[in-house]
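If you're matching them up, the sequences are chains E and X in order.
If you number the first sequence the way numbering that gives the first Met the number 0 does, the last residue is 221 and the count never jumps.
If you number the second sequence the way numbering that gives the first Met the number 0 does, the last residue is 337 and the count never jumps.
This report refers to the structure that appears directly beneath it.
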Amino acid sequence: MASLNFSTVNWDEMLQATFDTLKMLGSSAIFTIILGLPLGIVLYLWGRSSQPVVGVIYSVLSFLVNILRSVPFIILMVALIPFTKSIVGTSIGVLGTIPPLVVGAAPFFARLVETALREVDRGVIEAAQGMGASTTQIVTRVLLPEARPGLLSGVTITVVTLVAYTAMSGMVGGGGLGDLAIRYGYYRYEKEVMIISVALMVLLVQLLQMAGDRLVKHFSRK
Amino acid sequence: MIELKGLTKVYGKGKKAATALSQLNLSIKKGEIFGVIGHSGAGKSTLIRCINLLERPTKGEVWVDGIDLTKLTQGQLQQKRRKIGMIFQHFNLLSSATVFDNIAFPLRLTGASQESIQSKVRELLKLVGLEDHWNKYPAQLSGGQKQRVGVARALASDPDVLLCDEATSALDPQTTDSILRLLLDINQRFNLTIVLITHEMHVIQSICDRVAVIHGGGIVEQGDVTEVFLKPKHEITREFIRSETQNDGPLRAAINAPHPESSKAVKITFLGQKTYESTLSNVVKETGVIFAILQGTISTIKDVPYGQLIVRFEGPSEAIQETISKLLAEGLDVEVMD
Ligand SMILES: Nc1ncnc2c1ncn2[C@@H]1O[C@H](COP(=O)(O)OP(=O)(O)OP(=O)(O)O)[C@@H](O)[C@H]1O
Ligand SMILES: [Mg+2]
Numbered sequence: 000m001a002s003l004n005f006s007t008v009n010w011d012e013m014l015q016a017t018f019d020t021l022k023m024l025g026s027s028a029i030f031t032i033i034l035g036l037p038l039g040i041v042l043y044l045w046g047r048s049s050q051p052v053v054g055v056i057y058s059v060l061s062f063l064v065n066i067l068r069s070v071p072f073i074i075l076m077v078a079l080i081p082f083t084k085s086i087v088g089t090s091i092g093v094l095g096t097i098p099p100l101v102v103g104a105a106p107f108f109a110r111l112v113e114t115a116l117r118e119v120d121r122g123v124i125e126a127a128q129g130m131g132a133s134t135t136q137i138v139t140r141v142l143l144p145e146a147r148p149g150l151l152s153g154v155t156i157t158v159v160t161l162v163a164y165t166a167m168s169g170m171v172g173g174g175g176l177g178d179l180a181i182r183y184g185y186y187r188y189e190k191e192v193m194i195i196s197v198a199l200m201v202l203l204v205q206l207l208q209m210a211g212d213r214l215v216k217h218f219s220r221k
Numbered sequence: 000m001i002e003l004k005g006l007t008k009v010y011g012k013g014k015k016a017a018t019a020l021s022q023l024n025l026s027i028k029k030g031e032i033f034g035v036i037g038h039s040g041a042g043k044s045t046l047i048r049c050i051n052l053l054e055r056p057t058k059g060e061v062w063v064d065g066i067d068l069t070k071l072t073q074g075q076l077q078q079k080r081r082k083i084g085m086i087f088q089h090f091n092l093l094s095s096a097t098v099f100d101n102i103a104f105p106l107r108l109t110g111a112s113q114e115s116i117q118s119k120v121r122e123l124l125k126l127v128g129l130e131d132h133w134n135k136y137p138a139q140l141s142g143g144q145k146q147r148v149g150v151a152r153a154l155a156s157d158p159d160v161l162l163c164d165e166a167t168s169a170l171d172p173q174t175t176d177s178i179l180r181l182l183l184d185i186n187q188r189f190n191l192t193i194v195l196i197t198h199e200m201h202v203i204q205s206i207c208d209r210v211a212v213i214h215g216g217g218i219v220e221q222g223d224v225t226e227v228f229l230k231p232k233h234e235i236t237r238e239f240i241r242s243e244t245q246n247d248g249p250l251r252a253a254i255n256a257p258h259p260e261s262s263k264a265v266k267i268t269f270l271g272q273k274t275y276e277s278t279l280s281n282v283v284k285e286t287g288v289i290f291a292i293l294q295g296t297i298s299t300i301k302d303v304p305y306g307q308l309i310v311r312f313e314g315p316s317e318a319i320q321e322t323i324s325k326l327l328a329e330g331l332d333v334e335v336m337d
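Right, here's the structure in full:
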């Protein structure tokens, strides 16, 4: 193994790649939550409905979510290129990676939301119903606050998963740390860049997980 | 106030169908504390949950304050439910909200103003004796304190009716008593109608005015607590009362112990003021009968004193007969035991 020489590393490029990763991560996380949270709530509500029609709609929706979750992200990304172009006008660069990241992560997050909501004590929901709360009030005043620790850990898991997805998006020219690692480390055998890129991603995941755990702990009242 | 007509509840469909309540009728008056007692699985929870339609009856009508709830739209029902408070065996408080916010919950649902919430919650905290705990989370409270929060929350929207589903079953005896006293207090203060279900006779005995005994999805006996408690007719009712008083082995032994030929064991029941009067002693002085006490109890049902004395009268049989007639004439209840 050749000795490592970090002096050749282009730090400007590294910094730019880090920013790109953070940008991708931040925007895709926000859109994932914006889409996934309502989807998860709808899954939860429809999944418990006693009306047969709603039961069927739930099954269909649930099936669609499962399909999106089972397609490997790298394939989803390629398959979505036309869709991505139609939405953000390009399928490469930071902007081009956001739609596939969101489409890949939102169903995953929605399932985590559904699971977290199911953990809420039925008795508390009934008490609220008994006090005359509407479904909307039950969602906003009972389900979401009571499930907050579960939702926060769902967000953490999703964002960490998104870090891995952004790295993969580098393969199709998405930019960011994953792109850097592949271009230098894999195609040009410049291990140094790859090592630093990967180390930065590991650090990012660690920080996210720690922050998430903190928040969950802060909001746990049980 | 509350009128249940032909209430039937069937869970499940087809082969798995289970009838929890069948053709049940019940009428509860304004301002009374009405108890429903029954064994596990008798249908108590189903019954009380039908009153605010947390459980929709399969058949029958639920009238509260002159309105048949089963005919209301979802929105109308939500309005109506605000006037029906409920407390639960497992409290069902929001674990993510403080005591204050839990009590404020029903007020915020109606969009009450910040000031009115503040003053109402303060008042309720005082009523249930939790002024110092307003900022705690339910996990930091004892069971009795949690139930006090539950009571305060149920009262926040000034309900006409309070439903209590086994509200004291998760509490120890002292705490149970303090919660029961609180319920009695709010019943008297606000003339609030209370419906409570329980499997413990002493809960009924402590605070209820009337009681219904539920068994197999139907009511087998109902009436004033004094009546039902002192003269139970149905076997299930007797069972509940026996489990409350001491077992009757020693009494049987006392009745069967060697005794004179001409004698009679009787149970005399005193109710109200008569409990404290010397009727028995006056009557036997007149008739010349003597007696041995085999067993005796003096206690109260809600706030009505009662006494039960099991004695063996000895003397000529006509004299014993005369004694019994005189006791009956004095308004006491006499039951021959052998
Ligand atoms: N959601 C349900 N689905 C099916 N059956 C039910 C349901 N809830 C209650 N039952 C059945 O209805 C009957 C009455 O139940 P209910 O909960 O009213 O009894 P209970 O008197 O409250 O008993 P406990 O003292 O154990 O709480 C029982 O046989 C029970 O198995
Ligand atoms: Mg029950």
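Just so you know, even glycine gets a beta-carbon here, dropped at the ideal spot from N, CA and C.
Small disclaimer: the values here were computed from a predicted structure and weren't measured.
Rounded to a whole number of angstroms, what is the C-alpha to C-alpha distance between residue 42 of chain X and residue 285 of chain X?
Residue 42 of chain X and residue 285 of chain X: Cα-Cα distance of roughly 52 Å.
Heavy atom of ligand 2 within 7 Å of residue 125 of chain E beta-carbon:
It does not: the Cβ of residue 125 of chain E is nowhere closer than 7 Å to a heavy atom of ligand 2.
Classify residue 187 of chain E as buried or exposed, calling it buried when 16 or more other Cβ atoms lie within 10 Å of its own Cβ.
Exposed, because fewer than 16 other Cβ atoms sit within 10 Å of the Cβ of residue 187 of chain E.
Are residue 289 of chain X and residue 314 of chain X touching if we call contact CB-CB under 8 Å?
Closer than 8 Å, so yes.
Rounded to a whole number of angstroms, what is the C-alpha to C-alpha distance between residue 294 of chain X and residue 310 of chain X?
Cα to Cα, residue 294 of chain X sits roughly 7 Å from residue 310 of chain X.
For ligand 1, list every residue whose C-beta falls under 6 Å from any of its heavy atoms, going in chain order.
Cβ-based neighbours of ligand 1 within the cut-off: X/10, X/11, X/17, X/19, X/37, X/39, X/40, X/41, X/42, X/43, X/44, X/45, X/198.
Please tell me whether, using a cut-off of 7 Å, the distance from the CB of residue 54 of chain X to the nearest non-hydrogen atom of ligand 2 is below it.
Not one heavy atom of ligand 2 sits closer than 7 Å to the Cβ of residue 54 of chain X.
Can you tell which of X/221, X/319, X/70, X/300 has its C-alpha closest to the C-alpha of residue 259 of chain X?
Selected option, being the one with the closest Cα: X/319.
Under DSSP, the beta strand (DSSP E) around residue 62 of chain X begins and ends at which residues?
Going by DSSP, residue 62 of chain X is part of the beta strand (DSSP E) stretching over 58-63.
Residue 97 of chain E and residue 87 of chain E: beta carbons closer than 8 Å?
The Cβ atoms of residue 97 of chain E and residue 87 of chain E sit closer than 8 Å to each other.
Just list the residues that DSSP pairs residue 209 of chain X with in beta bridges.
In DSSP, residue 209 of chain X forms a bridge with X/33, X/223.
Quick one, which residues of the segment 104-115 of chain X are near chain E if we go by CB-CB under 9 Å, in chain order?
The residues in question are 104, 105, 107, 108, 109.
Verify the contact flag: residue 122 of chain X, CB atom, against every heavy atom of ligand 2, threshold strictly below 7 Å.
The answer is no for residue 122 of chain X.
Just checking residue 165 of chain X against ligand 2 - is the residue's beta carbon closer than 7 Å to any of the ligand's heavy atoms?
Answer for residue 165 of chain X: yes, Cβ within range of ligand 2.
Round the Cβ separation of residue 338 of chain X and residue 240 of chain X to the nearest angstrom and send it over; I've been treating them as touching at under 8 Å.
There is simply no residue 338 of chain X to check, as chain X begins at 0 and stops at 337 in what is shown.
Considering only C-alpha positions, which residue in the set X/140, X/127, X/158 is nearest to residue 106 of chain X?
With distances taken between Cα atoms, residue 106 of chain X lies closest to X/158.
Using the Cβ count rule (16 or more neighbours within 10 Å means buried), how would you classify residue 55 of chain X?
Exposed is the call here.
Buried or exposed: where does residue 156 of chain X fall if 16 or more other Cβ atoms within 10 Å of its Cβ makes it buried?
Classified as buried, residue 156 of chain X has 16 or more neighbouring CB atoms from the shown chains inside 10 Å of its CB.
Rounded to whole angstroms, what is the Cα-Cα separation between residue 211 of chain E and residue 205 of chain E?
Each residue's alpha carbon lies about 10 Å from the other.
Is residue 153 of chain E close to chain X, meaning its C-beta is less than 8 Å from at least one C-beta of that chain?
False, the Cβ-Cβ gap to chain X never drops below 8 Å.
Where residue 85 of chain X falls, given that 16 or more other Cβ within 10 Å makes a residue buried:
Flag for residue 85 of chain X reads buried.
Please list, in chain order, the chain X residues whose beta carbon lies closer than 9 Å to that of residue 132 of chain E.
Here the neighbours are 77, 80, 104, 105, 108.
List, in order along the chain, the chain X residues whose C-beta lies closer than 8 Å to that of residue 144 of chain E?
Within 8 Å Cβ-Cβ: 93, 95, 96.
With DSSP collapsed to three states, give me the class of residue 255 of chain X.
Correct three-state label for residue 255 of chain X: helix.
8 Å is my cut-off, CB to CB: does residue 51 of chain X come that close to chain E?
For residue 51 of chain X, the answer is yes, since a Cβ of chain E falls inside 8 Å of its Cβ.
Contacting positions in the segment 104-126 of chain E - beta carbon closer than 8 Å to chain X:
120, 122, 123, 125, 126: these are the residues of the segment 104-126 of chain E whose beta carbon lies less than 8 Å from some beta carbon of chain X, given in chain order.
Closer than 8 Å, CB to CB, is residue 214 of chain X near chain E or not?
Any Cβ of chain E closer than 8 Å to the Cβ of residue 214 of chain X would place that residue at the interface, and such an atom is absent.
What does the alpha-carbon distance come out to for the pair residue 100 of chain E and residue 75 of chain E?
If I take the Cα positions, the gap works out to 9 Å.
For the beta strand (DSSP E) that residue 298 of chain X lies in, which residues bound it at each end?
It spans 289-300 - the beta strand (DSSP E) in which residue 298 of chain X sits, taken as one unbroken run.
8 Å is my cut-off, CB to CB: does residue 149 of chain E come that close to chain X?
For residue 149 of chain E, the answer is no, since every Cβ of chain X falls outside 8 Å of its Cβ.
Where does residue 90 of chain X fall in DSSP's three states?
Coil, per DSSP.
Ordered along the chain, which non-local residues of its own chain (more than five positions away) have a Cβ less than 8 Å from that of residue 326 of chain X?
Cβ neighbours of residue 326 of chain X beyond the five flanking positions: 267, 278, 279, 282, 333.
At the level of alpha carbons, what is the spacing between residue 56 of chain E and residue 45 of chain E?
Distance between residue 56 of chain E and residue 45 of chain E, taken at the CA atoms: about 8 Å.
Is any heavy atom of ligand 3 found at a distance shorter than 7 Å from the C-beta of residue 96 of chain E?
Ligands present in the displayed structure are limited to ligand 1 and ligand 2, and ligand 3 is not among them.
Are the CB atoms of residue 8 of chain X and residue 49 of chain X within a distance shorter than 8 Å?
The answer is yes: Cβ separation under 8 Å.
Just checking, does the segment 164-180 of chain E make contact with the segment 1-18 of chain E on the three C-beta pairs under 8 Å criterion?
Per the Cβ contact rule, the segment 164-180 of chain E is in contact with the segment 1-18 of chain E (3 or more Cβ pairs under 8 Å).
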